[in-house]
Amino acid sequence: MPKGYMISAHRSPADPEKAAAYRVFAKPAIEAAGGKFLAGGGQIVAKENGVAEPTILIEFESFEAAVAAYESDAYQEALRALDGGANRDIRLFEGLE
Numbered sequence: 578m579p580k581g582y583m584i585s586a587h588r589s590p591a592d593p594e595k596a597a598a599y600r601v602f603a604k605p606a607i608e609a610a611g612g613k614f615l616a617g618g619g620q621i622v623a624k625e626n627g628v629a630e631p632t633i634l635i636e637f638e639s640f641e642a643a644v645a646a647y648e649s650d651a652y653q654e655a656l657r658a659l660d661g662g663a664n665r666d667i668r669l670f671e672g673l674e
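So that you can map any letter, position 38 of the sequence shown is 615 in the working numbering, and since no number is skipped, the others follow by simple counting.
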């Protein structure tokens, strides 16, 4: 079964206070759902229509697990804490077999 992934690519700088509140809930929620943080922070080179803002890549056991993590009550609590404080492109996708 292919792995599932979540990518979070920021479009502009996040509100620092709201982003900090979001992280308090988001990391534990994602890890409790089996998410493994593979990449984030560090240097960024944006190509084509990309934006050189923070990007995070998270791996899950399956595509269904990635979707369930995003839709979980715990992650939704993190989104409520973020409260519009970030302009992000979130994608949940299936890996290769």
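C-beta atoms are modelled at their ideal positions from N, C-alpha and C, and glycine is treated no differently.
Asked	Found
Please go through the same chain and pick out, in chain order, the residues whose beta-carbon is closer than 8 angstroms to the beta-carbon of V628, but skip the five residues on each side of it.	A586, H587, R588, S589
What first and last residue would you give for the alpha helix (DSSP H) that runs through D650?	650-659
Quick one, are the C-beta atoms of A635 and G612 less than 8 angstroms apart?	Before going on, a small fix: residue 635 reads as Ile here, not Ala. Result yes, Cβ atoms of I635 and G612 sit closer than 8 angstroms.
Would F614 and E654 be called neighbours here (beta carbons separated by less than 8 angstroms)?	no
Would a C-beta distance cut-off of 8 angstroms place A651 and A609 closer than the cut-off?	yes
With which residues is I584 paired in a DSSP beta bridge?	L634, R668
So the beta strand (DSSP E) K613 belongs to, where does it begin and stop?	613-617
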